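Undergrad: In our numbering, the protein residues as written are 171 to 315.
Virtual Cβ for every residue (Gly too), placed ideally from N, Cα, C.
Keep in mind it's a predicted model, so treat the numbers as computed, not measured.
Please see the structure below; I have some questions.
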Amino acid sequence: MERKYLLIDVSILPDVFSKVVEAKELIATGEVIGISNAAKQVGISRSTFYKYHDKVFQLAEGALGRKATINLLLDHQSGILSDLLNIIAIHNGNVLTISQDTPINGAANVSITFDISNASPTFDSILEALRANEGVKKLNLVAVE
171 MERKYLLIDV
181 SILPDVFSKV
191 VEAKELIATG
201 EVIGISNAAK
211 QVGISRSTFY
221 KYHDKVFQLA
231 EGALGRKATI
241 NLLLDHQSGI
251 LSDLLNIIAI
261 HNGNVLTISQ
271 DTPINGAANV
281 SITFDISNAS
291 PTFDSILEAL
301 RANEGVKKLN
311 LVAVE
């Protein structure tokens with residue numbers, strides 16, 4: 171499934187999307203602990219939060235489209251992370267940070283933040299190439315700033 175992204179003025183969207191973003195911000199800043207507390211504080215259900223949390227993001231002022239952060243679940247096999255970094259480089263992305271957890275049950279969580287200001291041909295093409303790579307069990311777009 172090809173994913174497409176739109177930049178939309180929040181004034182035309184149902185309030186639920188803004189509330190999900192607000193709940194994510196409360197968790198990220200440590201103002202509340204846990205999804206249940208964040209959802210309750212902003213007035214949405216936990217199920218609503220989970221339904222949209224990896225689908226809506228707030229763009230940062232002045233840095234539109236410059237950095238992206240993705241989380242991946244990778245098979246614990248030699249060379250997979252190297253392949254992914256190569257895909258990012260081929261698409262003119264510049265890796266800024268990488269964080270990899272110790273593999274558990276044959277899989278490792280990896281977070282990569284990279285500069286996408288020169289992505290070619292599109293940012294979407296990078297995500298699709300990463301998702302299609304053998305060994306990628308899951309890819310979530312965390313943020314675009």
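So, at 6 Å on beta carbons, what are the nonlocal neighbours of L234 in its own chain, with the 5 sequence-adjacent residues on each side left out?
TA: A caution first: L234 carries a pLDDT of 49, below 50, which makes its placement in the model too unreliable to give a value.
Undergrad: Quick one, are the C-beta atoms of N310 and L254 less than 9 Å apart?
TA: The answer is no: Cβ separation not under 9 Å.
Undergrad: In or out: A198 buried (at least 16 other Cβ within 10 Å) or exposed?
TA: Exposed, since its Cβ has fewer than 16 Cβ neighbours within 10 Å.
Undergrad: Over the uninterrupted alpha helix (DSSP H) stretch that includes T199, give me the two end residues.
TA: Here the alpha helix (DSSP H) through T199 covers 185-199.
Undergrad: Cutting at 8 Å between CB atoms, please list the residues of its own chain near G204, excluding the five before and the five after it.
TA: Excluding residues within five positions, the ones whose Cβ falls inside 8 Å are I197.
Undergrad: If we count the other Cβ atoms within 10 Å of its Cβ and call it buried at 16 or more, is V265 buried or exposed?
TA: It is exposed - the Cβ of V265 has fewer than 16 other Cβ atoms within 10 Å.
Undergrad: Are the CB atoms of I214 and V180 nearer to each other than 9 Å?
TA: No, they are not a contact pair.
Undergrad: Return yes when the Cβ of H223 is within less than 9 Å of the Cβ of K194, no when it is not.
TA: Going by C-beta atoms, K194 is nearer than 9 Å to H223.
Undergrad: Among N262, I240, L243, V191, which has the Cα closest to the Cα of K221?
TA: Nearest C-alpha to K221: V191.
Undergrad: From I240 to E201, what distance separates their C-alpha atoms?
TA: Distance between the alpha carbons of I240 and E201 is about 23 Å.
Undergrad: Using CA atoms only, rank isn't needed, just tell me which of A209, I282, V212 is closest to L244.
TA: It is I282 whose Cα lies nearest to the Cα of L244.
Undergrad: Considering only DSSP beta bridges, list what Q270 is partnered with.
TA: DSSP lists V280 as partners of Q270.
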